[in-house]
Amino acid sequence: MITGSASSSSFSTRGPSCQPSSSSSTLLPMTRRFLPLLIGAVPFVMLVFALPLANRVEPIVLGLPFILFWIMLWIVLAPALLFLAYKIEKQASGSDDGEDF
Amino acid sequence: MNVATSIIALTILFSFLLGILAGKRVKMNLEMWTVGGRRFGLILVWLLMAGEIYTTFTFLGAAGWAYSKGAPAFYILIYSTLAYVLSFFLLPAVWKAGKSHRLHTQPDFFVERYGSRFLGALVALIGVASILPYLQLQLLGLGIIVKTASGGQIPSSWAMVACFVLTCIFVYTSGIRGTAWVAVLKDIMMIVAVAVVGLWVPYAYFGGIGKMFAALVQQKPGHLVFPGSTTNMDAVWVMSTALLTAMGFYMWPHTFASVFSARSSTTIKRNSIIMPFYQVPVLLVFLVGFTALLVIPGLANGDEAFLALVAKTFPAWFLGFVGAAGAVTAMVPSSMLILCAATLLSKNVYQLTLNPSASETTVIRLSRVLVVVLTGLALVFAIFFPKALVALLLLGYDGVTQFFPGVVLGLFWKRVSRSAVLAGLVTGMALVALLLLTGNDPWMGINAGFVALVGNAAVTVAVTLFFQSRERNASSA
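Shown next, in the form of structure tokens:
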């Protein structure tokens, strides 16, 4: 069966009423899971939701109209952000060989 | 034949041989033919993905919209970048599902996750229907290339027929591995062509990129901000379109299936990190489109702007090189699209749904027949219903993005059910059809496909929650 989490291998027909030890899990796996997602949300905020604010020709930056400069800026920053997310995931997963995120 | 068309013909022939040579060395079974035996490394996968992602659409369509519409074309830069960000978080789970269940195709995923062959067949049919305008786009691009390169001597319909006979043979002889090697050739040629043209033309005519933009701002002040030279593509349209297409990017049956051919989920994550850099050439394509608007205004078909400017600016042999790059750029994705659509119909619709006892040999034979049928269909559409290249791609996205709720919820939300996904998918497709056929795209400034996607997701979640609460009531009673 296909499911996001490796621990439970069946699609339950009854509600998953018991999820053992989810409250007792440490802060580290939480950080590992949510900090990269937060970082991944940044390009969406900048390139979609902030778009109406950046919709202007002036000021011209590096010869580009501001809107085009703004878009290119976040395109160049996106790999850096993803790399950061990758590092955080990898570090948090400790001795994992990185094959199983 | 003139210099330019000869160069194009020779390049197509060369890529054709390269595809055959790459395909000869390995013996094919269905798995080999479609996912390359799950053995591709980082560089090959990256090139394979790039080979699918950067198509005639990027080459001619982006310049065409920069020329005719202006700022709304910037959605192209935005959506692919966001798609890579999304893929970083989404694709490893898709890959893992593919590996542990030996999935070949996108409908396989739906069949496995939701236990419904009917849903799988429906996904396959919607996928193929969405691929057709994409194929049509590649064909129209080829037609424009050969027409411009021959100075109008060779009619585009002849060129389309000739190129697609070659593409069909190419698909038969080599499958995905052959396509991957030609993708290497294609990427190198395309990057050289775009870099030379994109960096040179603003200098040649205006003395720099900044000066070109200054001239454009002076002549057409509104062209560079939304809604550009359109009336109905304001910021909201760009935002909704960017979101729609970013979510749909990996929902194409062929890109979805290409994830399965990666070596590991780490390979995929690393891919996602470096892919946004591939957007820089697209900026250069826009520069060509904008320069063309100033230098050769008034073209009836904006999609011809890139090549028309090249023909005006460069010697014939270079026009041939750019045309050849464009031709290979159309052929590689086409062969992948055809291969994928044929596999979907033969395996997921015919073998799994209509005739479960069909042997693998029969399925392979059927998919080879379908290669010709589908290509012929796209050819007919291209000749009789030409449209702007970007508009065709957006049409395909209206369809494939409707898979997104089923895929994402299916991976990360255990409770989502077959009936919920089916209801959502049908709602999404019905909404898209309704809005497009009544001429409501964009609808209140929002991309119609996005409206349908929201309806689709809402129905999927609502149905899941409804049945869940009913079950809970039933069990507590």
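Sequence lines, in order, name chains A and B.
Quick note: the first sequence uses my numbering, first residue 1, plus one each step.
Quick note: the second sequence uses my numbering, first residue 1001, plus one each step.
Glycine is no exception: its CB is placed at the ideal position from the N, C-alpha and C atoms.
Quick caveat, the model's predicted, so the values are computed rather than measured.
Here DSSP, grouped into helix, strand and coil, assigns I1188 of chain B to helix.
Under the DSSP assignment, V1416 of chain B falls outside any alpha helix (DSSP H); it carries neither an H nor an E label. The beta-carbon of L1243 of chain B is placed less than 7 angstroms from the nearest beta-carbon of chain A. Interface criterion not met: the Cβ of F34 of chain A is under 7 angstroms from no Cβ in chain B. The beta carbons of I1020 of chain B and M1331 of chain B sit about 14 angstroms from each other, so the pair does not count as a contact at 8 angstroms.
Within the model, the alpha-carbon separation for G1152 of chain B versus L1142 of chain B is close to 13 angstroms.
Burial is judged here by how many other beta carbons sit within 10 angstroms of a residue's own beta carbon; A1300 of chain B has fewer than 16 and is exposed. For the options B:G1061, B:Q1136, B:W1065, B:F1088, the alpha carbon positioned closest to that of T1230 of chain B is the one of B:W1065. Of all residues in the segment 1054-1075 of chain B, the ones placed with a Cβ closer than 9 angstroms to any Cβ belonging to chain A are A1071, F1074, in chain order.
Within the segment 1280-1311 of chain B, the residues whose Cβ lies closer than 7 angstroms to some Cβ of chain A are L1283, listed in chain order.
With a cutoff of 7 angstroms on beta-carbon distance, A1378 of chain B and L1135 of chain B are scored as near each other. Listed in chain order, the non-local C-beta contacts of S1417 of chain B below 7 angstroms within the same chain comprise T1464, F1467, local neighbours out to five positions each way being set aside. Within a 10 Å sphere around the beta-carbon of I1126 of chain B sit 16 or more other beta-carbons, which makes this residue buried. Among the CB atoms of chain B, none fall inside 7 angstroms of the CB of F69 of chain A. Contact check for G1449 of chain B against V1432 of chain B passes: the beta carbons are separated by less than 7 angstroms. The Cβ of T1081 of chain B sits closer than 7 angstroms to at least one Cβ of chain A.
Within the model, the alpha-carbon separation for S1116 of chain B versus Q1402 of chain B is close to 17 angstroms. Of the residues A:W74, A:A92, A:A80, A:Y86, the one whose Cα lies closest to the Cα of V48 of chain A is A:W74.
Burial state of S1357 of chain B is exposed, judged by a 10 Å Cβ sphere holding fewer than 16 other Cβ atoms.
F1226 of chain B is a Cβ neighbour of V1238 of chain B, given a cutoff of 7 angstroms. Exposure of L37 of chain A is indicated by the presence of fewer than 16 other C-beta atoms within 10 angstroms of its C-beta. The beta-carbon of K1269 of chain B is placed less than 7 angstroms from the nearest beta-carbon of chain A. Chain A places a beta carbon closer than 7 angstroms to that of V1225 of chain B, counting this residue as a contact. Taking 7 angstroms as the CB threshold, I1078 of chain B lines the interface with chain A. Unbroken alpha helix (DSSP H) runs of no fewer than 4 residues, entirely contained in the segment 1211-1266 of chain B, are found at 1235-1248, 1253-1260, following chain order.
At least 7 angstroms separates the CB of I39 of chain A from every CB of chain B. For V1349 of chain B, same chain residues with a beta-carbon under 6 angstroms away, outside a window of 5 residues either side, are A1121, A1124 in chain order. Boundaries of the alpha helix (DSSP H) around I1126 of chain B: 1117-1149. Pairwise C-beta distances place the segment 1433-1444 of chain B out of contact with the segment 1274-1288 of chain B, as fewer than three of them are shorter than 8 angstroms. Taking 7 angstroms as the cut-off, the Cβ atoms of L1077 of chain B and I71 of chain A count as close. From the beta-carbon of I1274 of chain B, the residues of chain A found nearer than 7 angstroms are P79.
Excluding its 5 nearest sequence neighbours in each direction, L1345 of chain B has C-beta neighbours in its own chain below 7 angstroms: A1124, V1128, L1370, listed in chain order. In the DSSP assignment, V1349 of chain B is bridged to no other residue. In summary, T1267 of chain B is buried, with 16 or more beta-carbon neighbours lying within 10 Å of its beta-carbon over all protein chains present. Here the alpha carbon of K1069 of chain B sits roughly 13 angstroms from the alpha carbon of A1235 of chain B.
In this structure, the beta-carbon distance from I1273 of chain B to V1171 of chain B does not fall below 7 angstroms.
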